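There are 2 protein chains.
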Amino acid sequence: MSRIIGSPDVFAAIADPTRRAILNLLSQGEQPVKQIAQPFSMSLPAISQHLSVLCEVELVTQRKKGRQRFYRLNPEPLKQVSDWVAHYEQFWQDKLDVLGNYLEDNP
Amino acid sequence: MSRIIGSPDVFAAIADPTRRAILNLLSQGEQPVKQIAQPFSMSLPAISQHLSVLCEVELVTQRKKGRQRFYRLNPEPLKQVSDWVAHYEQFWQDKLDVLGNYLEDNP
DNA sequence: ATAATAGTTAAGCAAATACTTAACTAATAA
DNA sequence: TTATTAGTTAAGTATTTGCTTAACTATTAT
């Protein structure tokens, strides 16, 4: 169960609430770092570090323009999470079915 | 972006690969701790600690029988993850649509 | 050239995490 | 009763994480 070297975990990347909030911001379109940082009560370097974690798992990409760096959401690695959770989705669906059947039989 | 007290994060709980593997094991049905621990090269207390993390976010439940404790998967908190990722699913779907349209127009 | 702006990198730190071994509790078996 | 089994809890440790401030790089503006 050890981590594969050079392939950091997307699950670990989205574990942090600040990083999830950043992804949420970026779902409105690409933004420069200062603008990303603005809603957070945290230093710019902190945000920069979060962005590089997201970059490493390729949840965001960078584009340089002048002295700004625009970060853009790349949702594709989230497929990994989606696929993983889908497996369990089936389980809670089964559970709801059982409940549904029960309610049908016991109205 | 601070953590809600008394409501530990399910995202943090599934960030650990060992815990995800445990959930995967439990998807085959409830199991006592020793059996859960068996495939891992890790001490029993380590597994016990992982189980209590999963318990805190209610991804597993406990049932005592004699001196054994059976742990059972409770997938419901994963809805939170499912809902979160679904929002982005739309995004990569859009992206695929754009690609699809491009391929249609440029066969 | 100098200063200002946008951002990263470096260094350091406190807290959290993922383990370990040892000591404990509770239930069964001899 | 004593020993064994199943598991948790306690205590300690090494590593990682999420921040901070200070120093740096690169680009634009004066």
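Taken in order, these protein sequences are the chains called A and B. Okay, so the first sequence: first residue is 20 according to the numbering used here, each after it adds one. Okay, so the second sequence: first residue is 20 according to the numbering used here, each after it adds one. A virtual CB, placed ideally from N, CA and C, is assigned to each residue, including glycine. Everything numeric in this text was worked out from a predicted model, so none of it was measured.
Pick helix, strand or coil for residue i, following the three-state DSSP scheme.
| i | result |
| --- | --- |
| residue 7(A) | Residue 7(A) is absent from the structure shown; chain A starts at 20 and stops at 126. |
| residue 67(B) | helix |
| residue 110(B) | helix |
| residue 62(A) | coil |
| residue 99(B) | helix |
| residue 24(B) | Only weak support exists for where residue 24(B) lies, its pLDDT of 38 falling under 50; the value from the coordinates is given anyway. Three-state DSSP puts residue 24(B) in coil, outside helix and strand. |
From the DSSP output, read off the bridge partner residues of residue i.
| i | result |
| --- | --- |
| residue 91(A) | 80(A) |
| residue 50(B) | 90(B) |
Under 8 angstroms, do residue i and residue j count as touching if we go by C-beta distance?
| i | j | result |
| --- | --- | --- |
| residue 92(A) | residue 38(A) | no |
| residue 70(A) | residue 42(A) | no |
| residue 94(A) | residue 30(B) | no |
| residue 63(B) | residue 107(A) | no |
| residue 101(A) | residue 104(B) | yes |
| residue 89(A) | residue 50(A) | yes |
| residue 76(A) | residue 34(A) | no |
Output the boundary residues of the alpha helix (DSSP H) element that contains residue i.
| i | result |
| --- | --- |
| residue 30(A) | 29 to 32 |
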